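Structure, as structure tokens:
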Amino acid sequence: MRTDGVLARLDHWGRMLMPGVVLLFFVLLTLAPLRVPYISDILPLLPALAVFQFSLATPERLPGPLLLVMGVLLDLLLGGPGAPVGVSALGFVLIRAAVVNNRRYLVGVPFLFQWIGFCLLTMGYVIIVWAFTALFTWTSLDPGPALAQYLVMVVAYPLVGPLLARVRPRDPLNVPESSRGTAQPGETTS
Amino acid sequence: MAIRDDFEVAASQVRQAVQRFALALLVLAAFAVMLIGKADTVLVENARVVALDLANPALEAIARPVAAANRAIADLREFATLREENARLREENARLLAWQTAARRLENENDRLRELSRFHEGPEASFITSRIVGDSVSAYVRGALLNVGRRAGVASGQAVVTAEGLAGRVAELGENSARVLFVTDVNSRLPVQIERTRERAILAGDNSTLMRLTLAQTVQGVQRGDRIVTSGHGGSFPVGIPVGEVVQAGDGSSVKVRPFADFSRLEFVRVVDYGVTGLVGSGAPPATGAGRPSGR
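Chains as they are written, first to last, in this note's numbering: chain A, 3 to 192; chain B, 6 to 301.
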């Protein structure tokens with residue numbers, strides 16, 4: 003199998019860029035005026051979901067510095083006077099690190115465990131954003147809306163998460179490095 | 006072979022160390038960004054404006070189909086109630102025609118009285134209509150993004166109104182974009198007056214659907230159903246834009262106001278350009294701001 007054809011290279015680059023592009027799209031979608039009661043609620047947490055899901059599948063395609071940039075962009079766009087810029091970036095980076103360091107509990111396990119992992123990590127993310135926003139604006143922010151967002155997102159994860167995970171199984175090299183054999187794609191054992 | 010294995014083990018250890026170090030670096034960088042944002046607010050404002058201007062075309066591209074879909078759904082919903090709606094509107098039209106007659110008479114009378122008393126009115130307000138291209142709504146912010154900016158003549162602090170009433174004010178301004186802070190945002194403080202008693206008050210948002218009214222001095226009190234209008238003390242706000250209606254005014258301390266503007270279905274808004282005659286250069290009276298009727 004030729005691996006250096008134009009199509010193959012396009013495919014390669016497409017796969018490389020896919021997570022970043024999806025994340026950027028979600029960051030922009032956060033601002034879309036959808037006005038649908040429940041869907042609008044989960045929009046601000048969609049980027050976090052993308053970070054979680056892609057960190058599970060292909061963390062090397064969503065490097066930390068990119069997450070930093072995306073988080074800062076999200077904070078800049080979402081705005082609000084006095085709101086901290088960079089808190090989403092912190093959350094993204096921590097989600098990625100937590101997923102990468104706990105891969106063996108999250109990859110190749112029943113979906114329920116992934117869901118639980120997502121619930122825990124997103125809870126951490128929501129708490130971090132809430133705490134830092136409260137700290138920066140020095141007001142006692144009502145955690146109610148954030149909690150509502152979180153609950154809707156937790157319910158929505160089984161619908162959205164697997165959709166993003168679709169990018170994963172078609173990549174033959176997408177297995178953890180430790181369990182990856184020496185065989186090249188297309189090679190058969192004799 | 007053993008040497009090579011050792012080398013690989015060492016290399017993987019180094020790689021792991023770098024990865025761990027990288028995480029610490031990234032976290033530090035995030036904190037650094039936050040600290041810079043806290044220390045240098047002007048820089049952050051500029052960065053926000055640049056990001057808004059950059060994202061605006063993409064947002065507009067997303068907003069149009071979304072708006073079309075929303076409108077289609079709303080249309081479908083309206084078809085169901087077309088008949089009752091029509092009857093209701095006819096009735097309302099008859100009532101409004103009566104009001105129009107009254108308003109014409111009052112306007113004439115007002116004009117004549119103003120002539121008599123040599124009253125100087127403030128500058129005429131003009132409007133800039135804009136499409137809402139983005140919601141700036143998270144758990145902590147209530148706002149929206151507009152597709153007009155400095156180039157269209159929008160200035161920071163101007164009032165943003167809908168057909169029903171005041172929506173908010175322009176908080177950030179780019180070349181072709183602006184961010185509106187809704188009156189329900191936790192950072193919004195609006196000088197208002199109660200239409201019935203002309204008493205002044207401050208209307209504060211708290212990110213919920215209702216706003217809190219703080220009266221400066223209350224003599225006559227406030228009742229349920231009182232209309233709240235802007236008092237014009239906030240600089241570029243005209244006097245008397247309807248803001249909301251008191252829905253809760255018990256003996257307790259908190260008076261709650263429901264905004265007239267329906268934030269859940271905003272598509273177009275108008276930015277009120279009021280009193281920046283130096284830039285616009287219209288034939289407004291020379292007494293800009295000084296001769297403006299303020300409050301009462």
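We put the CB at the ideal spot given by N, CA and C, even for glycine. Fair warning: this is a prediction, and the values are worked out from it, not measured in the lab.
Go through its chain and collect everything with a Cβ distance to residue i's Cβ below 7 Å, but skip five positions before and after it.
i                      : result
residue 148 of chain A : 128 and 132
residue 160 of chain A : 117
residue 15 of chain A  : none
residue 58 of chain B  : 179, 180, 181 and 182
residue 246 of chain B : 164, 166, 170, 171, 234 and 235
Return the chain-ordered list of same chain residues with a C-beta closer than 8 Å to the C-beta of residue i, the five sequence neighbours on each side being excluded.
i                      : result
residue 250 of chain B : 230, 231, 232, 233, 262, 263 and 265
residue 53 of chain B  : 177 and 184
residue 107 of chain A : 115 and 119
residue 171 of chain A : For residue 171 of chain A, the predicted model reports a pLDDT of 45, less than 50, meaning its position is unreliable; a value from the coordinates is still stated below. Within the same chain, residue 171 of chain A has no close Cβ partners at all.
residue 23 of chain B  : none
Any beta carbon of chain B sitting closer than 9 Å to that of residue i?
i                      : result
residue 126 of chain A : no
residue 117 of chain A : no
residue 35 of chain A  : yes
residue 153 of chain A : no
residue 164 of chain A : no
residue 60 of chain A  : no
residue 99 of chain A  : yes
residue 138 of chain A : yes
residue 143 of chain A : yes
residue 49 of chain A  : no
residue 134 of chain A : yes
residue 122 of chain A : no
residue 30 of chain A  : yes
residue 160 of chain A : no
residue 171 of chain A : For residue 171 of chain A, the predicted model reports a pLDDT of 45, less than 50, meaning its position is unreliable; a value from the coordinates is still stated below. Judged by the 9 Å Cβ criterion, residue 171 of chain A is not in contact with chain B.
residue 147 of chain A : yes
residue 66 of chain A  : yes
Based on Cα-Cα distance, which residue from the options lies nearest to residue i?
i                      : options                       : result
residue 188 of chain B : B:101, B:166 and B:104        : B:166
residue 124 of chain A : A:157, A:138, A:164 and A:111 : A:157
residue 155 of chain A : A:50, A:18 and A:87           : A:50
residue 153 of chain B : B:180, B:132, B:122 and B:110 : B:180
residue 161 of chain B : B:94, B:15, B:50 and B:10     : B:50
residue 33 of chain A  : B:121, B:236 and B:61         : B:61
residue 28 of chain A  : A:52, A:57, A:7 and A:98      : A:52
residue 59 of chain A  : A:109, A:30, A:48 and A:136   : A:109
residue 122 of chain A : A:104, A:139, A:137 and A:134 : A:104
residue 79 of chain A  : A:24, A:167, A:46 and A:145   : A:46
residue 228 of chain B : B:248, B:200, B:215 and B:246 : B:200
residue 157 of chain B : B:106, B:35, B:84 and B:275   : B:275
residue 135 of chain A : B:131, B:192 and B:254        : B:192
residue 155 of chain B : B:102, B:190, B:55 and B:87   : B:55
residue 198 of chain B : B:30, B:133 and B:218         : B:218
residue 214 of chain B : B:220, B:195, B:186 and B:267 : B:267
residue 277 of chain B : B:216, B:135 and B:101        : B:135
Between residue i and chain A, is the shortest Cβ-Cβ distance under 9 Å, so that the two count as touching?
i                      : result
residue 9 of chain B   : no
residue 194 of chain B : no
residue 161 of chain B : no
residue 211 of chain B : yes
residue 180 of chain B : no
residue 12 of chain B  : no
residue 91 of chain B  : no
residue 188 of chain B : no
residue 53 of chain B  : yes
residue 271 of chain B : yes
residue 191 of chain B : yes
residue 169 of chain B : no
residue 87 of chain B  : no
Near residue i, what residues of its chain come up, given a Cβ to Cβ distance below 6 Å and the 5 sequence neighbours on each side ignored?
i                      : result
residue 252 of chain B : 261 and 263
residue 192 of chain A : A caution first: residue 192 of chain A carries a pLDDT of 42, below 50, which makes its placement in the model unreliable, though a value can still be read off. Once the five neighbours on either side are set aside, residue 192 of chain A has no close Cβ partner at all.
Does the Cβ of residue i lie closer than 8 Å to at least one heavy atom of the ligand NAP?
i                      : result
residue 272 of chain B : As far as ligands go, the structure on display features none, and thus does not contain the ligand NAP.
Below 8 Å between beta carbons is the criterion; list the residues of the segment 133 to 154 of chain B that meet it against any residue of chain A, in chain order. 137, 138, 139, 140, 141, 142, 143, 144, 145, 146, 148, 149 and 150
Taking any Cβ of chain B, which residues in the segment 7 to 26 of chain A have a Cβ under 7 Å from it, in chain order? none
Please list, in chain order, the residues of the segment 68 to 97 of chain A that have any C-beta partner in chain B closer than 8 Å. 69, 70, 73, 74, 75, 78, 79, 80, 81, 82, 83, 84, 85, 86, 87, 88, 89, 91, 92, 95 and 96
Three CB pairs or more closer than 8 Å across the segment 54 to 74 of chain A and the segment 172 to 190 of chain B: no
Three-pair Cβ contact test at 8 Å for the segment 133 to 153 of chain B versus the segment 267 to 275 of chain B: yes
Evaluate contact between the segment 132 to 143 of chain B and the segment 66 to 78 of chain B, counting only Cβ atoms and requiring at least three cross-stretch pairs below 8 Å. yes
In chain order, what residues of the segment 37 to 48 of chain B put their CB closer than 9 Å to some CB of chain A? 37, 38, 39, 40, 41, 42, 43 and 46
Say whether the segment 87 to 95 of chain A touches the segment 32 to 51 of chain B, bearing in mind that this needs 3 or more beta-carbon pairs closer than 8 Å, one atom from each stretch. yes
Cβ-based contacts, 9 Å cut-off: residues of the segment 98 to 119 of chain B near chain A: none
Using Cβ-Cβ distances below 7 Å, what residues of the segment 14 to 28 of chain B are close to chain A? 27 and 28
Output, in sequence order along the chain, the residues in the segment 58 to 73 of chain B whose CB is closer than 8 Å to any CB in chain A. 60, 63, 64, 67, 68, 71 and 72
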